[in-house]
Each structure stands twice: as C-alpha cells, then as structure tokens.
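The next block holds one structure in the form of structure tokens; read it before the comments.
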Amino acid sequence: MTRLLVCPPDFFGIEYEINPWMRLNNQVDHERAILQWNNLMAVFERDIGVTLERMTPVPGLPDLVFTANAGIVVGRQAVVSRFRYPERQREEAYFENWFRDHGYEILTLEPGLFFEGAGDLLGFPDCWFGGYRQRSDVRAFPILSEWFHREILPLELVDRRFYHLDTCFCPLSGGDLLYFPPAFDHYGQTAIAERIPPTKRLVVPEHDALRFACNAVCVGNHVVLPAGCPTTEQMLREHGYQPHAVWLDEFMKSGGSAKCLTLRLEE
Amino acid sequence: MNIHQETVVLNGHIIDSLLLAKVLDLILMMGGDFDLEDVQIGKTREASSRARITVRAPSQTLLDDILKAIQPHGASVEREADCRLEAAPADGIFPENFYATTHLPTQIRLNGRWIDVEHIEMDVGIVVDRRRETAQAVPMGEVRQGELVVTGREGVRVIPLARPRERDVFGFMESHVSAERPHGHVIADIASRMRRLREQHRQEGAACRVLLAGGPAIIHAGGRDALAWLIEEEFIHVLFCGNALAAHDMEADLYGTSLGYGLTAGRTIPHGHEHHLRTINRIRAIGSIERAVASGIVKNGIMAACIRKHVPVVMAGTIRDDGPLPGVITDSIQAQRAMRAAISGVKLALLVASTLHAVATGNLLPATIPTVCVDINPSVPTKLADRGSFQAVGLVMDAASFLNELARRLGRPA
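The listed protein sequences derive, respectively, from chains A and B. Be aware that the first sequence starts at 938, since it is given in the numbering used here, and climbs by one per residue. Be aware that the second sequence starts at 48, since it is given in the numbering used here, and climbs by one per residue.
Structure, rendered in structure tokens:
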C-alpha cells in the first residue's frame, strides 16, 4: 500500500518570489486552491487507493503544502531537507518533527549543504538521479549515496523554470522515464540516454513541460498529472499507464504541481 | 614563476553522470589546463568514485574564475595546510624530518599563501623567512642554527615543467641517450638557441647566460680552438671546469702539447709529460691566470678568451690535481658555493666531456634550464639522468666533434 505525506493548503499563498513562476502580483485564489487540492486527494484516495498522511499546516509557511521537499524517506530512515532559501528553511523543523513523531530515524546533512528532498532526488529501484545547481548542492549526493548504498547520478538543471528535478523528470513504475530533455545540458542528456533505453524514454513536449506534465505521481500503472497536457496523457496511455489529469493551476502560480504536493513514504 | 594552480577534489558518481568530463571540459574551455592526479573508480555501481585534479591557469584571476565555475559541480579545493617549520638545531644541521628538494619549481604554503622557493636546486632544504614571507633552497652546510626549515611534505608542492614554447629538441624535456641517434638536428637546435641567447645576453647582461662545464678531453680531442672561438664570439658566458682543462689549455699555448702529446704533430714529445707541470708551475709563479694573460705570456686558448671576454670561470679542484693552478678551489663545498653563485641567469647549460663537473653542475641546475650533456661515453648522460637531471638532452659523441660542429653552425670559418 502506497503512503503519501501531504499538507492541506490552509495557509498556501504567494508571500515571496523564489522561483520564476512566483509573482507577488499573481495571487492564489484560495478557495480554488483548496478545491483543487481536495480533488487531487480524492483521486489518490478514491481512484488509486493510496493512504494519505496529513500534516498540520502552519500559518506563515505557505509552501509547507509542497511536502516533496520535506526530505527523502528510505525505509524507516528520513533525511530532512536543507533549503537553499531562508524563506523555506523555517519549514525544516516542522518536517523533522513530523518524521520524528512518526517513528523515523532522522539523518541530517551538515548545515549549509543544501538538499531539497524528493524534489531533487528521484529514481528507479537500482539507480537514482539527483538534480543540482539551482537548489540542491551536488556535494550532498555522494553522502546520500553512501548512506543508502545507491548509485546517484547528478544531473545539472540548466533552465531556471525547471528548478527542481521533479519538475522535468519523472521515473515511472515500468522503468519508463517521463522527462523534458532541454532542462538538462548535453552531459545530463547523455547520462540519461546511457541508462534508459530509447523505447523507455517518454519525451514531454515543451507545451506540456511548461504545464509541469513531469511533476506527476506514479503509483502502479496510475499516473496523476496536472490537467492540460494532452500529448503526455496520450503518450502515457500508449505505454500502458492510466493517466489521471487534475487541475492544479493555482499551485502552478507557486511553481508546483501534483508531485510537489506529495512525499512518498515507505511502501 | 607564472604558474597558478590549485588542487580540487571531485567525489561521487562522477563517471557515468559525465560530471568529471564536464569539469575537465570546463577547465579547458576557459583556457586552463589540468592534471588528473588520481582517479579512484568505485568498484561497484553503488560505490562512488573520486578524482583529484590539479587545475592550472596562466593568471591568478583566470584560476579563480575557473575554480568558481567548477565549484557548483562539486569540485572543491582540497583542504590545504601551511607547511610545517622547525628550527635548525645547529649550524649546518637540518631538523630531523627536513623536506629534501627536487630541482623542479617548488612552492610552499605560508600563512595561507603559496610562495615560490627561490634558487631551487635538488637535494637541499628549504629555509623560510617568516617576516619577509620568502623561502629559499639552502644546502645543508649553509643552514644556520635557529633558521626555520620546512619539514614533512604538507604545504609543499612541486610544479611539473610546462612544455616550453620553442618546438626544438628541448621541447620534450627528457633525456634520450643513444649513440645511434643522428646528432645534426640536436646541434642545430642548440646553435639556434645560442644565437638567440647571445642577442639576449647583449641586452640583458648577466641575466641571460650560457654555461659550459667541461673536462680536459676538450683539449686532448682537439676542441680547444672551437671552444675559444665560442667564448670570443660571446656565445658562452660562464665556464665551469677543473684544474686539468685550464692547465692543458695553457700547456697547449705554451708548449703546443696536451698532456705531452703534440697537438699538431700528433705524437709524443720528449719529456712532454712534464709540460703541464711546468705550465702549472709557471702560472703559480706569475700568481694568477689573469696576470699570465694580461702580461702576454698566455696568448690564446680558452682561458685567454675567458679573461679577455670577462667570462667568469669557476675551477673546482679534485683529489688527483697537480699544483693546482692559482684560482682552483680545493674545498669542494667552497667550490659548490662558487658554482651556485655563478649559476644565476643561466638559460642554457652545456656539460661537455666531464662526468664529475656534469653531475655537480646538474645537481645545481633547476629542471627548468635546458641542459645538454655531451660525452663519448653513454654512461655519463645516463648517469646524469639517473641522478635526477631528467631534463638533460644526452649526446653520445666526441667533445671536439661537438664543439667544432657547434662553432661551424654558429659561423666559425672552416
């Protein structure tokens, strides 16, 4: 049974600008955001049968909804994020408390070694990929690799709009990869191509990538992704997946979508 | 020393992610250069790899720019420490764990800054002046009690030779010793360097000099006139030799023999074996070689040319010397000191037909100085290379043939 950590958007809003999507003059329609979030949760719980763990929202921490950045969870161990921007650093203690209260062993990186959790660390069972340069520090990956005995291939994120790895790169359950190649330089694209055979690489067109089609959650053969990405949905169907499109444009104002709103806990 | 370098370390899954390739490409694209010091590849897929990279750039600004550009990819400057210093326990004695130098350009780290070691030569120590923030290579016998000497290897770095701009025989900076190799192009390259260095010497004086260290075989074999011509024409600006070369050179002038052999007749002269002794005795009676030349008693030859052209001569004595001639330094350590003092500004060294003087001079020369070792016996250039002067180009040939051919290429009339 898949368990996801989520946080209701009670205090979600645009209170600062720390990525190219955020504009203080492009405020969130709060009621619509709550509706969209509830709808997403309904898809997870009702349509896919996922178990949700709900965190308590905190006033003044508008981005706590993006639980993908809480950290990473491996078995009963959790590595809490070290955010690059002070605006989000205040979330660290809340995430850490949640993990601790729920019985996880906490592993911490040295202060100043930025690592933004599952937003920048994704992978297949045998090989993980780490996004760096914009948020996470590449030097975090060798440490994580040693802690969890996994290969972690670092990928530089070269487009400011795709500031976390999970905005342009989504491993799927069947070993397929949904991704937007121009978010990486040719070294990154080559490294990906060396690991994932051509038939397994699902290249998302720019139109869909800019709607965060890659910010999708894959559970079994279900893929939950933001609505408005018809080419990606079609592609997923052709590869045997069942897409679930959900309107999440209120969260896109903050540069986040389906995947950013969840953190996968242990199976 | 226009070399700016820093060692960085790159960790993680740097091979398959092409992170190492990216960092190396960045260094080159920005106009820097690198040496991969050490690459440890992870034994399993999960194990990470590690690379130590020495980054070099022609200026500190460019080096800083490169380090800044590769830092976000995880290449961080290796944690460095200042060099360790210990006071010399007594005059002429280094601290127990003193750092023994090579003849390659060397820097030490003092108060967080890398500074060049001045007057580098092999097999000596490094003495640091903390107040002036300077360091210099100092022979064991020269160190004074209480002077601060570098110990251990921490905070010391040796800089590999940069490939010289000139694309000649010295470009490889490694000794090839072979009797079978054609000599023509090597001598041609030496000649073209010497032509250039003569021009430079005429402008800069002592800051640019060509050194010749030679043995008496130069005289015996018939290279005396060619060498005297090279000195007269200002191609050679410092001479290192022993008692014998000077004695036989003047013997040739006074008696027409070299160790008793008639140089033109080509046969032994009755009582010729006494000639060099009589020569030495004569010069001793006159008081100095300078006076012998000035008074017109010694008219021609190598020593006369040196005196006329004000070429400094360091004569180092050995245990088998007769006399010796006035001016021969019989204390080996004093002789080393005199040679060391005369070596500054040397831009090319020719070590011809003398094992002892070749090795002794090789020991004093920094690796950056193009060096040629000429000997009929292949073991001499080999010995020189074995003793660390790897930059020396070895020529297995007769000293006179070498000097005659060199002088011919530099315009000496046949």
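All C-beta atoms, glycine included, are put in the ideal place defined by N, C-alpha and C. In this text, all values refer to a predicted model and were calculated from it rather than measured experimentally.
Query, Result
"Beta carbon of A/L1114 nearer than 9 Å to that of A/R1138", "yes"
"Buried versus exposed call for A/P946 [16 or more other C-beta atoms within 10 Å across all chains shown]", "buried"
"Terminal residues of the alpha helix (DSSP H) in which A/S1082 lies", "1077–1085"
"DSSP bridge partner residues for B/A291 (one or two, in chain order)", "DSSP lists no partner for B/A291."
"C-beta contact flag for B/V197 and B/R131 at 9 Å", "yes"
"Minimum C-alpha distance to A/F1020 - residue among A/Q1014, A/R1013, A/E1028", "A/E1028"
"Status (buried if at least 16 other CB within 10 Å, exposed otherwise) for A/P1091", "buried"
"Under 8 Å from the C-beta of A/L1092: neighbouring residues of chain B", "S64"
"Under 8 Å from the C-beta of A/R1037: neighbouring residues of chain B", "In chain order: nothing, as chain B lies at least about 28 Å away."
"Inter-residue Cα distance where the pair is B/L73 and B/K90", "27 Å"
"Range covered by the alpha helix (DSSP H) that runs through B/A273", "271–279"
"Neighbour list for B/R126 in chain A, Cβ cutoff strictly below 8 Å", "Going along chain A, no residue has its Cβ under 8 Å from B/R126, so there is no contact; the nearest lies around 14 Å."
"Residues near B/P359 by beta carbon distance below 6 Å, same chain, minus five either side", "V285, A389"
"Three-way DSSP call (helix, strand, coil) for B/T91 in this model", "coil"
"Exposed unless 16 or more other CB atoms sit within 10 angstroms - verdict on B/A129", "Just to set this straight, residue 129 of chain B is Asp in the shown sequence, not Ala. Result: exposed."
"Own chain residues within Cβ distance below 6 Å of A/F949, not counting five before or after", "A970, P999, V1002"
"Contacts of A/L1082 in chain B (Cβ-Cβ under 8 Å)", "The sequence shown places Ser at residue 1082 of chain A, rather than the Leu named in the question. G59, H60, E93, S95, listed in chain order."
"Partners in chain A for B/P115, counting only beta-carbon separations shorter than 9 Å", "The residue you asked about is not Pro; residue 115 of chain B is Lys in the sequence shown. In chain order: nothing, as chain A lies at least about 14 Å away."
"Exposed unless 16 or more other CB atoms sit within 10 angstroms - verdict on B/D369", "exposed"
"Rounded C-alpha distance that separates B/W161 from A/F1121", "38 Å"
"Beta-carbon proximity check, B/G262 vs B/V361, cutoff 9 Å", "no"
"heavy atom of the ligand FAD below 8 Å from A/T1004 C-beta", "Inclusion of the ligand FAD in the displayed structure is not the case, the ligand content being empty and no account of it being possible."
"Backbone CA spacing between B/I423 and B/G303 [nearest angstrom]", "24 Å"
"Residues that A/A1128 contacts on chain B, provided the C-beta gap is smaller than 8 Å", "D63, S64, L65"
"B/V86 beta carbon less than 9 Å from that of B/Q52", "no"
"Minimum Cβ-Cβ distance from B/G231 to chain A less than 9 Å", "no"
"Proximal chain A residues relative to B/H120, where beta-carbon distance stays under 9 Å", "Y1069, R1070, V1075, P1091, E1093"
"Within-9 Å CB hit, B/K69 to chain A", "yes"
"Range of the contiguous alpha helix (DSSP H) that encloses A/T1127", "1123–1132"
"Outcome for A/N962 when other beta-carbon atoms lying within 10 angstroms are tallied against a minimum of 16", "exposed"
"Rounded separation between B/P152 and B/E168 - CA only", "9 Å"
"Contact with chain A by B/S391, beta-carbon distance below 9 Å", "no"
"Selection of the stretch 1148–1161 of chain A by Cβ proximity to chain B, strictly under 7 Å", "none"
"Cβ-Cβ distance between A/A1153 and A/V1161 below 9 Å", "yes"
"Beta-carbon proximity list for B/I61, same chain, < 7 Å, skipping 5 on both sides", "L67, S96, A98"
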